[in-house]
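For what it's worth, the numbering used here labels the leading residue of the sequence shown as 168, then goes sequentially. For reference, the structure is listed below as structure tokens.
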Amino acid sequence: MALEKTLVLLKPCTVERGLIGEIISIFEKKGLRIAGLKMMQLTDAILSEHYSHLSDKPFFQRVKDSMMTSPVVALALEGVDAIEVVRTLAGPTNGRKAAPGTIRGSYCMSFQANIVHASDGPETAAAELKRFFKDEEIFDYKLPTMLSLYANDEF
Ligand code: ADP
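Spelled out as structure tokens, the structure:
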């Protein structure tokens, strides 16, 4: 158990479908602290870095293009085991296979237009937070609800 930060992007499909508030609200209601929040237009350069693990896939350019059709909303979320918690909330990549109740399972039909990006491990979370946020855009205020969200030895 550790208090962690993770990077979430609300993808252009989410912005275009008017689901920004609804998806952010899922993270807030779960008990994650919003440590950073901003809208940004992504570029081919930042996406080539972000999706470098997909560079040999036939759909690489298509995925990057889909991330530039409108701005994204970037979130830095904090909580105990936040990286795994957010991946579990997001569900598997293909929205058609994702279980109901997960974000992708509840809100999308697509492998590609799948509502959110979420960091998949501690190293990627650190690199991705740095990629999308400047240090001064991450805020370290405290949630006054911590003792309602967790037992006192959990954080
Ligand atoms: P995840 O976003 O679940 O971590 P990946 O890192 O494997 O998944 O892929 C990054 C993004 O690329 C996915 O969220 C999705 O938008 C897109 N993608 C991955 N695989 C496919 C695929 N087979 N077909 C279409 N889009 C894909």
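All C-beta atoms in this analysis are idealised placements derived from N, C-alpha and C, irrespective of residue type, glycine included.
Buried or exposed for residue i, going by 16 or more other Cβ atoms inside 10 Å?
i: Y274; result: buried
i: L314; result: exposed
i: A169; result: exposed
i: R263; result: exposed
i: A257; result: buried
i: E245; result: buried
i: M234; result: buried
If you draw a straight line from the alpha carbon of residue i to that of residue j, how long is it in whole angstroms?
i: D320; j: E251; result: 19 Å
i: L176; j: A241; result: 5 Å
i: A266; j: P311; result: 32 Å
i: S219; j: V239; result: 19 Å
i: F322; j: V247; result: 6 Å
i: T260; j: L316; result: 28 Å
i: L186; j: F194; result: 13 Å
i: Y308; j: D302; result: 14 Å
i: S192; j: G198; result: 10 Å
i: A294; j: A285; result: 12 Å
i: P225; j: D232; result: 13 Å
i: M335; j: E290; result: Examination of residue 335 is not possible in this model, given that the chain is present from 168 through 322 alone.
i: G188; j: R200; result: 15 Å
i: A292; j: G268; result: 24 Å
i: A249; j: G272; result: 19 Å
i: K205; j: K196; result: 19 Å
Just to confirm my understanding: we take residue i, look at its own chain, exclude 5 residues before and 5 after, and list those with CB closer than 6 Å. What are they?
i: T236; result: P179
i: A318; result: none
i: I213; result: none
Tell me which same chain residues have a C-beta within less than 7 Å of the C-beta of residue i, skipping the five on either side of it?
i: A243; result: K172, L174, A202, G203, L296, F300, I305
i: V230; result: Y218, L221, Q279
i: I270; result: I190, I193, L256, A257, G258, I282, V283
Using 8 Å as the cut-off, classify the Cβ of residue i as near or not near the heavy atoms of the ligand FAD, replying yes or no.
i: R200; result: Judged by which ligands are present, the ligand FAD is missing from the structure shown, whose ligands are the ligand ADP.
Rounded C-beta distance between residue i and residue j? I'm assuming under 8 Å.
i: R254; j: D223; result: 23 Å between Cβ atoms; not a contact.
i: R298; j: E183; result: Going by Cβ atoms, the distance from R298 to E183 rounds to 23 Å, so no, they are not a contact pair.
Excluding sequence positions up to five away, which residues of its chain have a Cβ less than 8 Å from the Cβ of residue i?
i: M276; result: G262, R263
i: T210; result: M235
i: F227; result: Y218, L221
Complete alpha helix (DSSP H) runs within the region 217-266 (minimum length 4 residues, chain order)
Taking only runs of at least 4 residues, the alpha helix (DSSP H) segments lying wholly in the region 217-266 are 227-233, 249-257.
Uninterrupted alpha helix (DSSP H) stretches inside the region 186-212 (no shorter than 4 residues)
187-197
Contiguous beta strand (DSSP E) assignments of at least 3 residues, all confined to the region 277-313:
283-285
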